[in-house]
Amino acid sequence: MHSENILNIENVSKIYKSAGKELTVLNNINFSVASGATLAITGPSGSGKTTLLGLCAGLDRASS
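For the sequence shown, our numbering gives the first residue as 413, with consecutive numbering after it.
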């Protein structure tokens with residue numbers, strides 16, 4: 413049985429700029445989520461989990 417993807421993320425990056433410095437939080441992230449799939453996003457504090465969720469939800473824009 414083939415499941416349809418409900419989310420596709422392709423080459424997504426997020427860079428924050430402040431005081432002339434750049435902080436790359438996400439760099440060329442790629443993944444997809446099939447309908448009915450369960451997904452866990454894990455990582456240490458400050459690794460970009462909330463940023464990724466905000467991008468997926470359309471609450472923020474990717475840098476590229």
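Glycine included, C-beta positions come from ideal geometry on N, C-alpha and C.
For residue i, three-class secondary structure by DSSP
i: T463; result: helix
i: A446; result: strand
Beta carbon of residue i nearer than 8 angstroms to that of residue j
i: T463; j: K433; result: no
i: L419; j: S459; result: no
Backbone CA spacing between residue i and residue j [nearest angstrom]
i: S457; j: H414; result: 35 angstroms
i: E422; j: K461; result: 16 angstroms
i: V437; j: Y428; result: 7 angstroms
i: N417; j: A469; result: 15 angstroms
Beta-carbon contacts of residue i that lie in its chain and below 6 angstroms, excluding the five residues immediately before and after
i: D472; result: G466
Neighbourhood of residue i by C-beta, 7 angstroms cutoff - its chain only, sequence neighbours within 5 removed
i: N439; result: S425
Paired residues, beta bridge with residue i - DSSP
i: E434; result: K429
i: N420; result: S444
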